[in-house]
Structure formats: C-alpha cells, structure tokens
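A short write-up of the structure that comes next.
Below, the structure is given as structure tokens:
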C-alpha cells in the first residue's frame, strides 16, 4: 500500500505588535454606555459571570486549559471578557469590552493583524473580495488567534458602537457641469434602466455608443452628498477601527444593554457596482436624537467598528454561495 502525503505550508497573517503606550484601551468605548464607569463596568462584569458563555469562533475545541479564556453572553449587545488562565483556573483579569452582534458581513482575507498580545486587543486589516480595505476590532481574537491563515477567505460579520450618529447634511450638494461626466452619468442610468436594473457586461461599449435624445439629458447634474455611502478608517496605528461613515438606514430595532435602552441601526456604508453592500449593525444609546432617525434616512456616524469570525458561518455562507 502506498500512502501519499501532501505538505501544506500554512502561514499566519502578518502581525504588527503594539506596545501598551500605543494601545488606546476601551475607556472611550465604555463612555458610550455609561457616565459612571467606575461603578457600572465592574458591576456589569460581575453580573455577566453568572450567565457567561464561551464563544468558539473558528475553534471547535474551546478549552479552559488555554493560557487565555474568552467569556461572552448570548445577547444582541453584550460584554466580552478575557481572563488569564493557569492550570485550568482563572488567574487574573486581562481585558473587557462591549460588543454588538450582527447578522451582516462580507467575505475577505486577513492581510494583517495589529495586536497587543498582553491585552488581547487586535485590529484586523481585511481586504474584501471586491478589493475594499476594512479595519475592524476583532471581538474573538482570544479564541481565534492561533487559527487565522494567510490567503484564506473568511466570512466576517461587522458591527459597531456609535460614538455619535446624526442625520446627514441634506444641503451638501455639488453641481456637475463637465460635459463628458454628464454624458457618462446619463448614459449609465439609461442603459441600466433599459436592462431591468442590471449592469450589462458590455456597459462601457454601450456608453461609448450612447447619444442624448434631448437637450435636457445633457443638463448639469446635481449630486446630493448627503445621499452618499462612505467609509473612512482611522489613520492612527492601532486605532484604525475608529471610523467615520455615512450611509442609509436599512433597519432599526430596540434592545437593552444591562438595562440601558439601545437602538440597533442596520446601515449600508458602502454600496458599489458589482460588489456586495457593506452593511454594519450599529448600537447607539436611545436618545431623542437617535429615536428620530428612521429607516431609509441617511446618517453620518463616528463608530467603533468590530469584526467577528465564526466557524459555523463559514460553512453556512459557503453553502449559500455555492447554491
């Protein structure tokens, strides 16, 4: 009998190690949820222990014998807590941060992990299948840290906490007067509309052949910047997960975080041709301002963007994409 072995050189994504001085911590994130951190946060951490779960992420064999243990809760908005372990028992507290669960995600590769191994804070640099670059805090780094592979596509769920979320400025408009730009805009819209809303494969050739039928079709085009989708990640090393975005609200629901009313907004912040939309579930404290935001409104927000990668999701998404 002949046995053939196939060698696979599995490599982890590149790591950029942060010092304690470069790590911002989570004080600003807790301030989204409470004005009394010294009282509320320790109380919340104690309460979560009573109903804590052990998230698996990509790991099928979560073990209390690992050097670090990740605890979580089965709630839409919850706390993740990291404990250092020794001989299967908690030795000391390492870190804790508030999280939002999200059903929305994109497929992409992990290009780089920016991490403080001491605190288990990690920011993933992800490149989606359409080429977009996204930075997000890794909710499940403690569970997944030994399993990430270079050049492997993962389905990543995206969520976040909103430091601030408001209606977009509706009076921000620009006037496009360039003849070629107007022609391209009108041609593209006409061709797609005549093709049942689908972009044909030969769109560029059709645009080249398109001719206006009326003078009105070549009139200047007014673009409302308040109706655009945009995403800008942070420019400070280790804080790229602090993002500014603008997008349209697709869904809205209410929930609670340790008795505090929270509104969950499902917001599409990137919506490009021939690409899956980038939708983020954002948690925001319930106020008169956030209550006034409605589905279909365009909003601007400063958010702490989060990512979560689960093994179960990989199988589910692969099956749905293959079917």
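Numbering (the numbering used here), first residue to last: 62 to 384. From the three backbone atoms N, C-alpha and C, an ideal C-beta is built for every residue, glycine too.
Within the model, the alpha-carbon separation for residue 347 versus residue 319 is close to 13 Å. A direct Cα-to-Cα measurement between residue 239 and residue 284 gives close to 13 Å.
In the displayed model, residue 236 falls within a strand according to three-state DSSP.
For residue 281, no beta strand (DSSP E) encloses it, and the DSSP letter there is neither H nor E. According to the DSSP assignment, residue 365 belongs to the beta strand (DSSP E) that extends over 359-369. By the Cβ rule, the region 196-203 counts as touching the region 366-377, because three or more pairs are nearer than 8 Å. One Cα belongs to residue 331, the other to residue 288, and the distance between them is close to 12 Å.
Relative to residue 189, the option among 335, 134, 307 whose CA is nearest is 335. C-alpha of residue 154 to C-alpha of residue 303: approximately 25 Å in a straight line.
Taking C-alpha positions only, residue 326 is separated from residue 274 by approximately 42 Å. Closest in alpha carbon position to residue 159, among 105, 166, 208, is 105. Shortest Cα-Cα distance from residue 313 to any of 245, 116, 354, 281 involves 354. Assignment of residue 196 by DSSP, reduced to helix, strand and coil, places it in the strand class.
Contact between the region 263-277 and the region 294-309 is absent: fewer than 3 CB-CB pairs across the two stretches fall below 8 Å.
If you look at residue 103, you'll find it in the alpha helix (DSSP H) that goes 98-110. The straight-line gap separating the alpha-carbon atoms of residue 359 and residue 338 is approximately 15 Å.
When only Cα atoms are considered, residue 83 and residue 232 end up about 39 Å apart.
Judged by pairs of C-beta atoms under 8 Å, the region 220-235 does not touch the region 142-153, as fewer than three such pairs exist. By the C-beta criterion, the region 90-107 is judged to be in contact with the region 211-230, since at least 3 inter-stretch pairs fall below 8 Å.
Taking 8 Å as the upper bound for CB-CB distance, residue 81 and residue 218 are not in contact here, some 29 Å apart. The straight-line gap separating the alpha-carbon atoms of residue 323 and residue 271 is approximately 50 Å.
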